[in-house]
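Protein chains in written order, with numbering that gives the first Met the number 0: chain A, 0 to 340; chain B, 0 to 258; chain C, 0 to 574.
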Amino acid sequence: MSTHPSPTDITTYGGANLPDTFTDPGHGPHRLRRTDTDPAANKRAERQVVLLFAVSIIGTVLFLVAYVLVPPGDTAASMRTSNLLLGLGLFLGMFGIGAAAVHWAKTLMNDHERTDERHSLTPSEETRQGAVQALQEGLADANVARRGVLKGAMFSALALAPLSVAVPLIGEVGEDWDITKFKHTIWKKGVRLASDPSGRPIRAAEVTLGSAFHVIPANLEDEEHPLDEKAKAIVLMVRMDPRDLKEAEDRRGWSYEGIVAYSKVCTHVGCPVALYEQQTHHLLCPCHQSTFDLADGAKVVFGPANRPLPQLPITVDDEGYLVAQSDFHEPIGPSFWERLT
Amino acid sequence: MKALAARRHHRSAPVVLLLLALLVTGGLYAALAPTPAGAAEASESDIQTGSDLFKANCATCHGMSAEGTQDAPSLIGVGAASVDFQVGTGRMPMENNGPQALAKPPQFTDEQVAQLAAYVASLGPGPAIPTAEQIDPEQGDEANGMQIFRTNCAMCHNAVGAGGALSEGKFAPSLWDSSPKVIYEAMVTGPQAMPVFNDANLTPDEKRDVISYIVAQRVGSPGGAELGALGPVTEGLWAWVIGIGLLIACSVWIGAKSS
Amino acid sequence: MTTTIGRGAAATADYLDQRTSVSVAIKGLARKVFPDHWSFLLGEIALYSFVVLLISGVFLTMFYVPSMNEVHYEGPWAAMNGVEMSEAFASTLRLSFEVRGGLLMRQIHHWAALIFMASIVTHMMRVFFTGAFRKPRELNWVLGFTLLILGLLAGFSGYSLPDDVLSGNGLRIADGVVRSIPILGSYISYFIFGGEFPGQDLIPRLFTVHILLVPALILALIGAHLFLVFLHKHTQYPGSGRTNKNVVGYPLWPVYVAKAGGFFFIVFGVIALLGATMTINPVWNYGPFDPSPVSAGAQPDWYMLFLEGALRLMPGQGMEWGIGEFTLSLNVLIPAVIVPGILFTLLAGYPFVEAFVTGDKGEHHVLDRPRNRPFRTAFGMAILTAFTILILAGSNDLIAAHFFLSLNDIIRVFRVLFFVAPVLVFIITKRICLGLQRKDRELVLHGHETGRIVRFAHGEYIEVHKPLDAHERWLRVGYQAERPLEIEPPVDSRGVRRKGYRVDQVRQRLSRVFFEDRVEPVTPSELAAAHSHGAHDTLEAGHSAPVRELEGTATGGGRTLVEPVDGSAPDARNR
Chain A
0 MSTHPSPTDI TTYGGANLPD TFTDPGHGPH RLRRTDTDPA ANKRAERQVV LLFAVSIIGT
60 VLFLVAYVLV PPGDTAASMR TSNLLLGLGL FLGMFGIGAA AVHWAKTLMN DHERTDERHS
120 LTPSEETRQG AVQALQEGLA DANVARRGVL KGAMFSALAL APLSVAVPLI GEVGEDWDIT
180 KFKHTIWKKG VRLASDPSGR PIRAAEVTLG SAFHVIPANL EDEEHPLDEK AKAIVLMVRM
240 DPRDLKEAED RRGWSYEGIV AYSKVCTHVG CPVALYEQQT HHLLCPCHQS TFDLADGAKV
300 VFGPANRPLP QLPITVDDEG YLVAQSDFHE PIGPSFWERL T
Chain B
0 MKALAARRHH RSAPVVLLLL ALLVTGGLYA ALAPTPAGAA EASESDIQTG SDLFKANCAT
60 CHGMSAEGTQ DAPSLIGVGA ASVDFQVGTG RMPMENNGPQ ALAKPPQFTD EQVAQLAAYV
120 ASLGPGPAIP TAEQIDPEQG DEANGMQIFR TNCAMCHNAV GAGGALSEGK FAPSLWDSSP
180 KVIYEAMVTG PQAMPVFNDA NLTPDEKRDV ISYIVAQRVG SPGGAELGAL GPVTEGLWAW
240 VIGIGLLIAC SVWIGAKSS
Chain C
0 MTTTIGRGAA ATADYLDQRT SVSVAIKGLA RKVFPDHWSF LLGEIALYSF VVLLISGVFL
60 TMFYVPSMNE VHYEGPWAAM NGVEMSEAFA STLRLSFEVR GGLLMRQIHH WAALIFMASI
120 VTHMMRVFFT GAFRKPRELN WVLGFTLLIL GLLAGFSGYS LPDDVLSGNG LRIADGVVRS
180 IPILGSYISY FIFGGEFPGQ DLIPRLFTVH ILLVPALILA LIGAHLFLVF LHKHTQYPGS
240 GRTNKNVVGY PLWPVYVAKA GGFFFIVFGV IALLGATMTI NPVWNYGPFD PSPVSAGAQP
300 DWYMLFLEGA LRLMPGQGME WGIGEFTLSL NVLIPAVIVP GILFTLLAGY PFVEAFVTGD
360 KGEHHVLDRP RNRPFRTAFG MAILTAFTIL ILAGSNDLIA AHFFLSLNDI IRVFRVLFFV
420 APVLVFIITK RICLGLQRKD RELVLHGHET GRIVRFAHGE YIEVHKPLDA HERWLRVGYQ
480 AERPLEIEPP VDSRGVRRKG YRVDQVRQRL SRVFFEDRVE PVTPSELAAA HSHGAHDTLE
540 AGHSAPVREL EGTATGGGRT LVEPVDGSAP DARNR
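See the structure below:
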């Protein structure tokens with residue numbers, strides 16, 4: 000890469016016997032600061048350091064005064080004022096000390112550079128041999144040579160002892176370890192679809208064209224752990240023109256007059272997929288932008304999800320309320336190893 | 000106070016994303032001073048004037064009697080609320096065929112908007128312009144509004160209404176500067192990509208709760224500057240720009256030899 | 000008065016010393032020399048923001064209740080009145096709004112966490128680009144890398160403690176990622192959540208992880224990290240008088256006690272300023288956790304954004320495979336586990352790769368100028384670029400909404416950029432490094448431009464260059480350009496195949512990749528040659544006469560062009 004001059008050039012012009020590389024010229028000259036040479040500057044720097052410490056003291060006083068006199072109160076504005084005054088006080092109190100110390104070090108402390116020697120980190124051969132010898136002596140003192148059973152017993156005991164902590168920990172930490180719960184929700188035949196979060200049951204007639212309803216099962220509050228069940232049971236329900244709806248043969252009866260209900264849990268990693276665009280019938284996940292086409296079986300049209308959202312088969316009961324025909328026909332939410340087993 | 004706070008929202012969001020300022024001040028600026036809403040009965044002459052305005056300004060796309068064409072939907076039965084929202088925020092007449100109609104300074108006066116609305120309302124029954132009582136934030140329950148908003152609205156409009164992206168260039172606009180009337184009308188009519196929230200889905204009281212919640216968000220944050228209320232990304236950006244920036248500046252000062 | 004204090008201090012010191020031999024440590028350490036440079040303070044920012052985290056964290060634990068029991072909120076925040084929420088969330092609101100100074104402490108804690116991670120990253124960048132990870136500091140690099148990972152863990156567990164919607168969705172994503180792990184995934188999910196998501200145990204568990212396990216580990220590793228810094232003595236930037244055998248700088252006592260001690264207060268002050276003026280993680284906006292809502296701009300804190308970005312970029316179609324009756328979700332596994340795994344392994348393992356490639360067994364205490372190691376600098380920039388693209392991809396919805404772009408187009412562009420940009424950045428950075436090295440050569444050979452133009456008697460114009468002084472020059476020539484390794488032949492002199500030839504071959508091939516392109520530093524003879532040529536092409540071509548003979552004939556200026564004697568003089572002195 001570099002342009003090496005030919006050897007003849009060097010002998011011709013450069014003089015004889017130049018070294019292959021340059022050598023370190025050693026420390027440069029020490030440059031004096033203004034505070035070293037000018038007593039007035041020195042005095043000024045001292046005053047500045049004192050001033051900075053004073054700023055810190057004022058800051059701390061400000062903090063304490065604000066703490067006593069400015070309560071956070073009930074409104075955003077009063078909370079903001081309290082927070083601002085306390086924070087500025089703390090800022091000045093801390094920053095003043097820091098700036099003073101640094102300014103002091105920079106202007107008033109001796110700034111002649113010093114040099115320490117480094118020594119190789121690798122200890123001498125003698126030291127190492129001493130270490131080896133110490134270990135060997137200890138091993139000899141322990142009298143374990145040719146006592147295989149003893150060594151085996153010791154290592155076995157040491158290896159097994161932690162189990163008395165680990166086994167109950169792992170055993171209990173996953174509660175019942177029943178991962179088949181992933182596959183079921185509390186939706187079942189006849190459970191009414193209710194509005195989230197009010198819990199009002201929804202009539203089919205109320206779901207007008209272009210509407211999007213966020214739905215929970217009407218029996219959610221009966222559950223022991225409603226949030227756990229809600230995390231699996233949430234549904235998004237929309238109504239579109241039945242002519243826009245493309246339905247698979249085996250799902251013909253799952254919708255009701257253009258009303259379709261799909262699991263709101265993304266099949267990617269489980270975010271609530273909730274951005275319904277009523278013109279395109281696309282459902283977008285705000286977390287990772289998987290896009291599903293609700294008019295076409297919630298197929299993935301864009302993004303990192305691979306599977307369509309599971310559909311909840313719905314119908315209406317005698318009173319005109321929307322109800323589930325059954326649970327979802329497949330596990331909802333993100334994939335897992337045992338999903339299809 | 001509220002006006003001040005609202006303007007700060009308007010300014011701080013763009014600053015957060017640095018280069019954004021230029022784009023947003025031009026693009027999103029919409030003078031939407033809250034106007035008293037009224038559902039006064041429209042007179043025959045209003046409808047007639049509205050019809051004339053319609054034929055002159057809207058019929059090219061929506062058809063001579065608002066029956067819709069290939070380019071634009073039918074307006075029969077969309078109601079006065081829809082017209083008031085679309086025309087009153089300047090979204091209609093649409094400037095050009097983008098991913099969605101953008102808000103801009105309205106082309107018609109309030110009176111003309113009312114006349115257009117009266118005409119379209121006369122074509123078929125649809126959502127009416129809300130009454131002043133329906134949209135009074137003082138009468139709403141903020142806490143209930145919060146719960147409804149975050150389930151039904153926050154996924155597009157952000158947790159406090161700062162707006163967000165939809166697919167293919169569409170977006171859910173910020174609600175900082177939207178008047179209660181406009182918010183109500185958007186809910187009942189479902190403009191563009193937005194779904195409809197009819198009175199069975201969200202009752203009129205619940206809609207008012209939502210408005211109450213949105214308006215309450217405009218007083219600013221207790222913690223100081225809101226950074227656009229856009230979440231952890233802008234917080235991270237400021238941690239780097241201001242936090243690490245200041246600390247590195249201090250480091251350079253500490254490391255530099257005094258003069 | 001003073002003497003009383005003095006006597007008291009002496010007595011205390013004597014008491015302590017008789018029981019701890021503390022004078023031995025003080026004698027050894029007080030005047031220990033540390034080199035001065037602003038970039039050496041980046042690690043201190045991390046250390047001090049960690050101390051700030053501990054201080055503010057202790058404050059927060061006094062008021063925070065790690066419980067998932069449901070309560071109804073009553074308090075000053077109207078938008079939450081009567082809302083059902085976990086005690087964790089309610090106590091977060093209480094400590095934010097009702098405890099005086101509580102909001103400030105919470106905001107300081109969160110800002111400090113962001114600064115902690117950001118300073119770790121900048122500190123790592125400094126160490127990487129200056130080659131401070133070389134022997135004997137490889138292990139300390141690994142310690143630092145482990146601290147980075149622990150920092151991620153501390154951040155993520157703390158971010159989730161308020162039990163709000165935003166962090167709850169983050170946990171749900173974590174659950175989705177965990178479930179994609181083959182065979183064990185479902186059970187690990189149960190292990191973490193104590194059953195199904197969200198369960199009843201998560202918040203107390205995260206609390207223990209966040210305030211006990213992870214901080215204890217971080218503290219211990221920071222101790223080890225600093226111990227090694229003391230043991231190795233700090234690295235120093237190259238310059239005259241600085242060698243691998245010495246360390247040049249200022250003594251710990253008093254200069255660094257003041258500077259580094261003062262810097263702690265500065266860091267605390269700056270973080271307090273952030274907490275005073277800027278809202279962070281306003282959980283009252285997001286509301287208590289509920290699995291149904293989600294808000295636009297659903298992102299984690301910045302240090303987890305790369306994961307979010309990777310998940311967003313991965314196309315999903317056809318990436319879920321059936322293995323027998325089991326399911327393998329590559330659309331999650333690749334971006335969330337494999338891609339970050341590769342990037343982090345490259346980062347952690349780089350010192351060992353470089354040591355292998357150079358075959359270098361020596362200790363290095365003088366840092367590299369990044370330009371003098373073009374491959375390393377370019378490689379580091381490429382990795383940073385990949386991370387940056389992922390972070391931008393994690394913010395794609397905000398970019399789309401605020402720059403009026405199509406979300407889908409941004410994702411498509413980033414999918415391509417993730418592969419293309421690091422390669423481009425690698426090539427460009429390497430070229431810039433080589434260019435800067437050539438610029439250095441140019442400067443050493445021809446000196447500074449002075450702007451003075453001289454005209455010769457025969458009408459030719461030439462600019463006078465001022466030669467570099469010995470210190471300026473040493474900075475630019477005092478390095479060794481690594482060259483591709485020469486290896487011994489596959490068979491020895493008796494024709495027997497040599498052991499280890501395969502490994503050497505790999506080493507040689509890699510070292511070609513690393514060091515094929517390089518710029519050698521100027522040698523004394525090159526400098527001498529350049530000077531006697533007068534850096535003057537026409538004269539060189541003509542070989543008519545040495546430049547000095549022409550000096551007298553110059554009509555302007557009067558100073559020399561570049562005098563060979565000047566250039567070689569410092570070396571002569573040193574010999």
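The C-beta atom is built at its ideal place from N, Cα and C for all residues, glycine as well.
Skipping 5 residues on each side, what residues in its chain have a beta carbon closer than 8 Å to that of residue i?
i, result
"residue 84/B", "90, 181, 184, 185, 188, 190"
"residue 511/C", "483"
"residue 304/C", "298, 389, 390, 393, 394"
"residue 102/A", "44, 47, 48, 51"
When burial is assigned at 16 or more other CB atoms within 10 Å of the CB, is residue i buried or exposed?
i, result
"residue 495/C", "exposed"
"residue 153/A", "exposed"
"residue 25/B", "Annotation note: pLDDT 43 at residue 25/B (below 50); position unreliable, coordinate value reported separately. With fewer than 16 Cβ atoms within 10 Å of its Cβ, residue 25/B is classed as exposed."
"residue 133/C", "buried"
"residue 306/C", "buried"
"residue 7/C", "exposed"
"residue 283/C", "buried"
"residue 110/C", "buried"
To the nearest angstrom, how far is it from the Cα of residue i to the Cα of residue j?
i, j, result
"residue 467/C", "residue 34/C", "25 Å"
"residue 198/C", "residue 334/A", "19 Å"
"residue 20/A", "residue 100/A", "43 Å"
"residue 170/C", "residue 177/C", "10 Å"
"residue 48/B", "residue 56/B", "12 Å"
"residue 165/B", "residue 314/C", "18 Å"
"residue 123/B", "residue 199/B", "20 Å"
"residue 337/C", "residue 183/C", "16 Å"
"residue 80/C", "residue 73/C", "5 Å"
"residue 329/A", "residue 307/A", "11 Å"
"residue 375/C", "residue 368/C", "11 Å"
"residue 516/C", "residue 247/B", "33 Å"
"residue 31/C", "residue 67/C", "51 Å"
"residue 77/A", "residue 94/A", "25 Å"
Give me, in chain order, the residues of the same chain whose beta-carbon lies closer than 6 Å to that of residue i; leave out the 5 immediate sequence neighbours on both sides.
i, result
"residue 106/A", "34, 44"
"residue 157/C", "209"
"residue 503/C", "486"
"residue 310/A", "253, 261"
Contact criterion: CB-CB distance below 8 Å. Does residue i meet it with respect to chain D?
i, result
"residue 279/A", "You won't find chain D in this structure, because its protein chains are A, B and C."
Assuming contact is defined by CB atoms lying nearer than 8 Å, are residue i and residue j in contact in what I supplied?
i, j, result
"residue 312/C", "residue 417/C", "yes"
"residue 209/B", "residue 144/B", "yes"
"residue 172/A", "residue 115/C", "no"
"residue 141/B", "residue 77/C", "yes"
"residue 509/C", "residue 356/C", "yes"
"residue 172/C", "residue 151/A", "no"
"residue 272/A", "residue 301/A", "no"
Taking 7 Å as the limit between beta carbons, can you name the residues of its chain near residue i, skipping five residues before and five after?
i, result
"residue 31/A", "none"
- Task: Determine, using beta-carbon pairs with one atom in the segment 123 to 140 of chain A and one in the segment 279 to 294 of chain C, whether at least three such pairs fall under 8 Å.
- Result: no
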